[in-house]
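2 protein chains.
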Amino acid sequence: MINETIQLYPDRPGVTLTTYLLADSPELLNGKKRPAVLVCPGGAYLNCSDREAEPVALRFAGMGYHAFVLRYSIYTLDHPEFNLVNATDMVINPHSTYPSPMRDIGKAFLTIHEHADQWLVDTDKIAVCGFSAGAHNCAMYAVYWHNPVITDYFGAPVSQFKPAAAILAYGIGDFHLMVKPYSNAMLQAVASAANFAYLGTRNPSAELLDTVSPARQVTASTPPTFLWATAADVLVPVENTTRLATALAHAGVPFEVHIFEEGAHGLSLADPSTAGSQQDINPDAAQWIRLAEAWLRKRFLLPILEKPAWMQD
Amino acid sequence: MINETIQLYPDRPGVTLTTYLLADSPELLNGKKRPAVLVCPGGAYLNCSDREAEPVALRFAGMGYHAFVLRYSIYTLDHPEFNLVNATDMVINPHSTYPSPMRDIGKAFLTIHEHADQWLVDTDKIAVCGFSAGAHNCAMYAVYWHNPVITDYFGAPVSQFKPAAAILAYGIGDFHLMVKPYSNAMLQAVASAANFAYLGTRNPSAELLDTVSPARQVTASTPPTFLWATAADVLVPVENTTRLATALAHAGVPFEVHIFEEGAHGLSLADPSTAGSQQDINPDAAQWIRLAEAWLRKRFLLPILEKPAWMQD
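Read top to bottom, the protein sequences are chains D and U. Letter 142 of the first sequence, counting from 1, is numbered 145 in the numbering used here, and no numbers are missing. Letter 89 of the second sequence, counting from 1, is numbered 92 in the numbering used here, and no numbers are missing.
In structure tokens form, the structure reads like this:
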């Protein structure tokens, strides 16, 4: 395995791509390239959660895919003094506001393409997998990857940005749902801070909300998408997922959805490998990663020989 | 993750312990130690197969356990000229003959104990997991770990060698079964070479075969053991597994056995992540790793808080 952390911009130590590159072997793919999954943790555009980072990458690596964790631009990288208690003092952070975080995914794609021969990555088969705000970031990338907001910004060919699939866990699909008041003060504080971190305003226009709502931007160029969520999520309402699914259906994009009735926001893999407490363990929701594996396998076949090498003609 | 390869003896570059140490985080176990699984690949004491190494370690890492791959002493490390064609020219290799390979597991245990505080390994919960010859090596260690052949050799306290569990995949349990003639010339060639590499003689005594047969050496000090195999295995007859299970039952050692009707020898995880060809994929047998996970979870609970840290009293 090559496990290293690459800083994506010389002047910004917190924005990194960590590799989990599987060792090749004559006994395995013998020099042939593998698909890869790029994991974007959640954390309300305020943090990147460790619970949705390395353990998830290892699960995809266990499937035989190269994996990456992208720690994209978030508010606290530039404002480490941030705390929910002083959240009313937030200032606009051009790194955490739209479209910066989704451009970080573009930068990660360019980096992976650049190293593809060395790392043995099949660049036609790179999936993005995000959680919560990370799922929003991935969904934004999935709808904007071919748009000048990304391609012109980097001045690179559109082919270098193309994601093959998106896997979205309890993500924000429609930002109009996120600016409604919460009855719970803690949830309100988190949502308000997250919204300011990403939108850069306390009073977003309907146009801005449309722009940052993947469910309102899906086209036929959006890659096949796997979505899961819990109906009981009180932080990111499950309609974020159903609305995005509706948009994918309308656009004719292949997709799969699994909504579990119970379970809080932020379960990650919902098993002991990602649990900060027993409340993060939910055997029903934990089925999602196997469902995602089966779904991904349909389009991310490994280039495995039909017969052993010594039996070939 | 800390992924590094440690040479176990200064003068022997091929005998190595590779770490797959999970990153700790305040969001995860927050400084508490984790169980670990030490993986021993198979390869007839002639090689260590990559198909039974890193991909398996990653699967255990995905469960939330630290993982290690041990490349123990095998014949070809000292005799790289070996080929099945010239197998009749083999000479005795004191590194690959009993008891050297099982002592390498002891050396790995000492190394893990030495770094346990730095690596956050719970040394009361280290399992060994082996495949084929690697399963034999693990089974030998499981029956001899407290014996002077290991403890006196290293002059270290017996507590530093104690394995908490053994997971054995299509392993050799009774060497008397391995010296019988095969009807297939290729299998005979592999078995003869493997036997010479490990026994150091073409004519082993019944006493030597008894000594190297875990099924004949099980005691109440043997750790809980999970065994799996395929009934159709033509290289290592499945009676190796049933005889070892019988011995564990007789000694009152907790154990679990899964024997799948079909499937060749050497399936590893039996899924695309470890397949050298499509013949290495077997959905029935592939269930073993989840059965092993459930079995291991009963004794390798992660120290996860009941409630989130911020909700503690």
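Ideal Cβ positions, reconstructed from N, Cα and C, are used throughout, including at glycine.
- For D:G109, there is no enclosing beta strand (DSSP E); the residue is found in the alpha helix (DSSP H) stretching over S103 to E117.
- Taken through DSSP and simplified to helix, strand or coil, U:F85 comes out as coil.
- Residues of chain D whose Cβ lies closer than 8 Å to the Cβ of U:L41 do not exist; the shortest such Cβ separation is about 17 Å.
- DSSP assignment within the region 14–87 of chain D yields the following whole alpha helix (DSSP H) runs of 4 residues or more, N-terminal first: 57–65 and 78–81.
- Note that the region 176–185 of chain D touches the region 223–243 of chain D; at least 3 beta-carbon pairs, one per stretch, sit closer than 8 Å.
- In terms of Cβ geometry, D:M143 and D:V215 form a close pair [threshold 8 Å].
- Restricting attention to D:F71, D:H98, D:D27 and D:V72, the CA atom closest to the CA of D:L80 is found in D:H98.
- No Cβ-Cβ contact shorter than 8 Å links U:L73 with U:D127.
- The region 30–46 of chain D makes no contact with the region 187–195 of chain D, as fewer than three CB pairs between them are under 8 Å.
- Considering only D:T225, D:A56 and D:F199, the residue with the shortest C-alpha distance to D:P257 is D:T225.
- Taking a C-beta cut-off of 8 Å against chain U, none of the residues of the region 171–200 of chain D qualify.
- Among the residues facing chain D, U:N6 is included, as its CB has a counterpart in that chain under 8 Å away.
- Using a Cβ-Cβ cut-off of 8 Å, D:E30 is close to S52, D53, R54 and G279 of chain U, given in chain order.
- With a cutoff of 8 Å on beta-carbon distance, D:L304 and D:D283 are scored as not near each other.
- Residue-level contact check: D:E309 touches chain U, since one or more beta carbons of chain U fall below 8 Å from its beta carbon.
- Within the same chain, and ignoring the five residues on either side of D:L87 in sequence, the residues whose Cβ sits closer than 6 Å to its Cβ are A192.
- The Cβ atoms of U:F71 and U:T22 lie closer than 8 Å to each other.
- At a cut-off of 8 Å between beta carbons, D:Q282 contacts chain U.
- Taken in chain order, the complete beta strand (DSSP E) segments of 3 residues or longer contained in the region 130–204 of chain U are 168–172.
- Burial is judged here by how many other beta carbons sit within 10 angstroms of a residue's own beta carbon; U:N140 has at least 16 and is buried.
- Under the rule that a run must span 3 or more residues, the beta strand (DSSP E) segments found entirely inside the region 237–287 of chain D read 258–263.
- In this structure, D:M181 lies near D:N198, with their beta-carbon atoms less than 8 Å apart.
- In the structure shown, D:T91 adopts helical secondary structure according to DSSP, grouped into three states.
- At least 8 Å separates the beta-carbon of D:G255 from that of D:D287.
- If the five residues before and after U:E296 are omitted, its C-beta is found closer than 6 Å to the C-beta atoms of M66, all from its own chain and listed in chain order.
- DSSP, read as helix, strand or coil, puts D:I307 in coil.
- With contacts defined by Cβ atoms closer than 8 Å, D:D27 and D:G17 do not form a contacting pair.
- Within the model, the alpha-carbon separation for U:L25 versus U:N187 is close to 44 Å.
- Put simply, the CB of D:A26 is near chain U, with a gap under 8 Å to one of its CB atoms.
- At a cut-off of 8 Å, the C-beta of U:R205 has no neighbouring C-beta in chain D.
- Among the residues of chain D, none has a CB under 8 Å from the CB of U:S135; the nearest is roughly 14 Å distant.
- For U:R74, there are no neighbours in chain D by C-beta distance under 9 Å, as the nearest C-beta there is about 12 Å away.
- Beta-bridge analysis with DSSP links D:W231 to D:A172 and D:H261.
- DSSP, reduced to helix, strand and coil, places U:T100 outside both helices and strands of the structure shown, so it counts as coil.
- Looking only at D:D125, D:M105 and D:A130, the smallest Cα-Cα distance to D:N150 is reached by D:M105.
- Here the region 304–313 of chain D makes no contact with the region 44–51 of chain D; the two share fewer than three CB pairs at distances below 8 Å.
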